[in-house]
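*Asks:* In my numbering, the protein residues as written are -5 to 226.
Heads up, the beta-carbon is just placed ideally off N, CA and C, and yes, glycines get one too.
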Ligand SMILES: C[S@@+](CC[C@H](N)C(=O)[O-])C[C@H]1O[C@@H](n2cnc3c(N)ncnc32)[C@H](O)[C@@H]1O
């Protein structure tokens, strides 16, 4: 007999309580995970062996993606987050961070309550620290990435280009927070500006944006060739 699906009403209720989605077009009233269903569904459909998540306040994206891996019965998820908190590190380091990933035992317990502790490997590092040791760590290429760390244009560009350097043709990259018009206006966020740069490269990237709530974009890497990004 086929194994049971992870996503049931109790688990979804727990996701709302403890993985606290913010800006994913979700609605707790009718257990609608919003974009969370996209994250889970994409992993089920594509069966990635390696998913990378950069940044998460309470682990919503991590949990939705990891549940897809769990139900596929194969794959791993690397989660990179230095555990910044707004109070400790200030608004230019994080907006939604609360130091949730300080303690490795607590991190494990947090993901255990969703049944994905064996799948999620947390790296308590910034993405800038993580990528230089990627090959030494013998991590496989990235099949699916979720970029939601520091939202400055410089950091989003860095994270995207590093993912691009470590992925395959037909890898998929989520960019969260493409729809924060006021923060974009005052240059506190640059995700949408980065998306506009990617749109100028239709031979390299296929893009669909969902400009609802905080917005998320999904990017398919059409080709893996050196890209001289004229965007410094
Ligand atoms: C809450 S999430 C997503 C940001 C939020 N949606 C927003 O509107 O800005 C932010 C997380 O990214 C993490 N983060 C910040 N800078 C990072 C970096 N350079 N590399 C990886 N994670 C980072 C923080 O520790 C925090 O947990």
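(1) Output the distance between the C-alpha atoms of residue 212 and residue 201, rounded to the nearest integer angstrom.
(2) Under 8 angstroms between the Cβ atoms of residue 53 and residue 13?
(3) Keeping to the same chain, check which residues put their C-beta closer than 7 angstroms to that of residue 3; ignore five residues upstream and five downstream.
(4) What would DSSP say about residue 56, mapped onto helix, strand or coil?
(5) Is the separation between the beta-carbon of residue 204 and that of residue 215 shorter than 8 angstroms?
(6) On the CB-based measure, 16 or more other CB atoms within 10 Å of its CB, does residue 209 come out buried or exposed?
(7) Do the CB positions of residue 59 and residue 140 come within less than 8 angstroms of each other?
(8) Can you grab the Cα-Cα spacing for the pair residue 172 / residue 189, in whole Å?
(9) Starting from residue 11 and walking both ways along the beta strand (DSSP E), at which residues does that stretch end?
(10) Near residue 28, which residues of its chain fall below 6 angstroms by C-beta distance, leaving aside the five closest residues on each side in sequence?
(11) Bridge partners of residue 103, per DSSP?
(12) Quick one: residues in its chain with C-beta nearer than 7 angstroms to the C-beta of residue 147, no 5 flanking neighbours on either side, listed in chain order?
(13) Is residue 152 closer than 8 angstroms to residue 128 when the C-beta atoms are compared?
(14) Given that a residue counts as buried once 16 or more other Cβ atoms are within 10 Å of its Cβ, and exposed if not, what is residue 47?
(15) Three or more beta-carbon pairs under 8 angstroms between the stretch 94 to 108 and the stretch 28 to 40, yes or no?
(16) Does DSSP classify residue 206 as helix, strand or coil?
(17) Run the proximity test for residue 67: is its beta-carbon closer than 7 angstroms to any non-hydrogen atom belonging to ligand 1?
(18) Ordered along the chain, which non-local residues of its own chain (more than five positions away) have a Cβ less than 8 angstroms from that of residue 163?
(19) Apply the 10 Å Cβ neighbour rule to residue 75 and answer buried if 16 or more other Cβ atoms are within range, or exposed otherwise.
(20) Once you ignore the five residues that flank residue 192 on each side, which residues in its own chain have a CB closer than 7 angstroms to its CB?
(21) Can you find a heavy atom of ligand 1 that lies under 7 angstroms from the Cβ of residue 15?
(22) Determine the contact status of residue 136 and residue 154, defining contact as a CB-CB distance below 8 angstroms.
(23) Using the beta-carbon count (16 or more within 10 Å), is residue 156 buried or exposed?
*Replies:* Taking the structure as given:
(1) Separation of residue 212 and residue 201 (C-alpha to C-alpha, rounded to the nearest whole angstrom) is 6 angstroms.
(2) The criterion of a C-beta distance shorter than 8 angstroms is satisfied by residue 53 and residue 13.
(3) A distance below 7 angstroms between beta-carbons, with the five flanking residues on each side excluded, links residue 3 to the following residues of its chain, in chain order: 25.
(4) Here residue 56 sits in helix by DSSP.
(5) Not closer than 8 angstroms, so no.
(6) Answer is buried; the Cβ neighbour count reaches 16.
(7) Yes. Within cutoff.
(8) Residue 172 and residue 189: Cα-Cα distance of roughly 8 angstroms.
(9) In the DSSP annotation of this structure, residue 11 is not part of any beta strand (DSSP E), being labelled neither H nor E.
(10) Within the same chain, and ignoring the five residues on either side of residue 28 in sequence, the residues whose Cβ sits closer than 6 angstroms to its Cβ are 18, 19, 20.
(11) Residue 103 pairs with nothing; no bridge assigned.
(12) Correct list, in chain order: 184, 187, 188.
(13) Going by C-beta atoms, residue 128 is not nearer than 8 angstroms to residue 152.
(14) Residue 47 counts as buried, since at least 16 other C-beta atoms from the protein chains shown sit within 10 angstroms of its C-beta.
(15) No, the stretch 94 to 108 is not in contact with the stretch 28 to 40.
(16) In the three-state reduction of the DSSP assignment, residue 206 falls in the coil class.
(17) No - ligand 1 has no heavy atom lying nearer than 7 angstroms to the Cβ of residue 67.
(18) Counting only Cβ-Cβ distances below 8 angstroms, and skipping sequence neighbours, we find 215, 216, 217, 218.
(19) The residue in question, residue 75, is buried, as its Cβ has 16 or more Cβ neighbours within 10 Å.
(20) Correct list, in chain order: 199, 201, 213.
(21) No, ligand 1 has no heavy atom inside 7 angstroms of this Cβ.
(22) Between residue 136 and residue 154, the CB-CB gap reaches or exceeds 8 angstroms.
(23) By the 10 Å Cβ count, residue 156 comes out buried.
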